[in-house]
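Chains as they are written, first to last, in the numbering used here: chain A, 903 to 1015; chain B, 44 to 155.
The beta-carbon is built from N, C-alpha and C at its ideal position, and this holds for glycine as well.
Here the structure comes first, spelled out in structure tokens, and everything after it is commentary.
Here it is in structure tokens:
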């Protein structure tokens, strides 16, 4: 079972560059989310989606875009990378709301120089 | 808004010591509560969960009880092992929002 797959695992960007972090899940989950993890900050929600065609902002959405054209894929786009976006990014999916658990990808470590 | 508070780490324990990591939450309604664990270099994985008041979640020797009266979900283990060294996150899933709210995480190191 693949679960949640994130690519790439590591990335170095120059300030101002753009890129897309990929996330795919094969569990037919409706709910998908992107988090960033920073030392001492825990996980902060960037964007989330409750189904194909529906996205919403989390706590820290600025500088990021998402789209959800299919149930399986939920890419995260950095429009113009900044050093403040250096972080570890996690994608997660879950079957539905309330009591269902979230399944996480392995993470993408992004460094912006 | 909804939030989760965890005890600050890092926590260092000797093997076979008892572990308690405190977690309290603020939420409307009756959220579901979770503990996730993150081993070095990996993503988060579910450790245990509880979906209603007085439920006890348990897994791998860890336990946590959903206490609505004290809005708490403390993680406990009677005898920790070196392999338990990881970061532990308390989280809630609100009935109001379609998202999971995480605490800041507590780093645990267990030394032989």
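For residue i, count neighbouring C-beta atoms within 10 Å of its own C-beta (all shown protein chains included) and say buried if the count is 16 or more, exposed if not.
| i | result |
| --- | --- |
| residue 82 of chain B | exposed |
| residue 151 of chain B | buried |
| residue 940 of chain A | exposed |
| residue 1003 of chain A | buried |
| residue 1009 of chain A | buried |
Have a look at residue i and residue j and give me their C-alpha separation to the nearest angstrom.
| i | j | result |
| --- | --- | --- |
| residue 989 of chain A | residue 911 of chain A | 12 Å |
| residue 921 of chain A | residue 121 of chain B | 46 Å |
| residue 992 of chain A | residue 98 of chain B | 29 Å |
| residue 86 of chain B | residue 108 of chain B | 24 Å |
| residue 1012 of chain A | residue 938 of chain A | 10 Å |
| residue 149 of chain B | residue 46 of chain B | 16 Å |
| residue 112 of chain B | residue 96 of chain B | 9 Å |
According to the Cβ coordinates, are residue i and residue j closer than 9 Å?
| i | j | result |
| --- | --- | --- |
| residue 985 of chain A | residue 962 of chain A | no |
| residue 61 of chain B | residue 115 of chain B | no |
Note down, in chain order, each residue of its chain lying with its Cβ closer than 6 Å to the Cβ of residue i, except the 5 sequence neighbours on either side.
| i | result |
| --- | --- |
| residue 119 of chain B | 63 and 106 |
| residue 934 of chain A | 951, 976 and 995 |
| residue 92 of chain B | 77 and 100 |
| residue 924 of chain A | 909 and 977 |
| residue 51 of chain B | none |
| residue 94 of chain B | 75 |
By Cβ distance, which residues of its chain are closer than 7 Å to residue i, with the 5 residues on each side in sequence left out?
| i | result |
| --- | --- |
| residue 155 of chain B | 58 and 125 |
| residue 981 of chain A | 920, 965 and 967 |
| residue 904 of chain A | 928 |
Who are the near neighbours of residue i in its chain, counting only those whose CB is closer than 8 Å to its CB and skipping five residues on each side?
| i | result |
| --- | --- |
| residue 954 of chain A | 970, 971, 972 and 973 |
*Interface residues of the stretch 83-96 of chain B facing chain A [CB-CB below 8 Å]*: 85, 86, 87, 88, 89, 92 and 94
_Against chain A: residues of the stretch 130-151 of chain B by CB proximity under 7 Å_ = 132, 136, 138, 141, 142, 143, 145, 146, 147 and 148
*Interfacial residues, the stretch 943-968 of chain A to chain B, with Cβ spacing under 7 Å*: 943, 944, 945, 947, 950, 952 and 960
_Short-range partners of chain A found in the stretch 65-80 of chain B, where Cβ spacing is below 7 Å_ = 75 and 77
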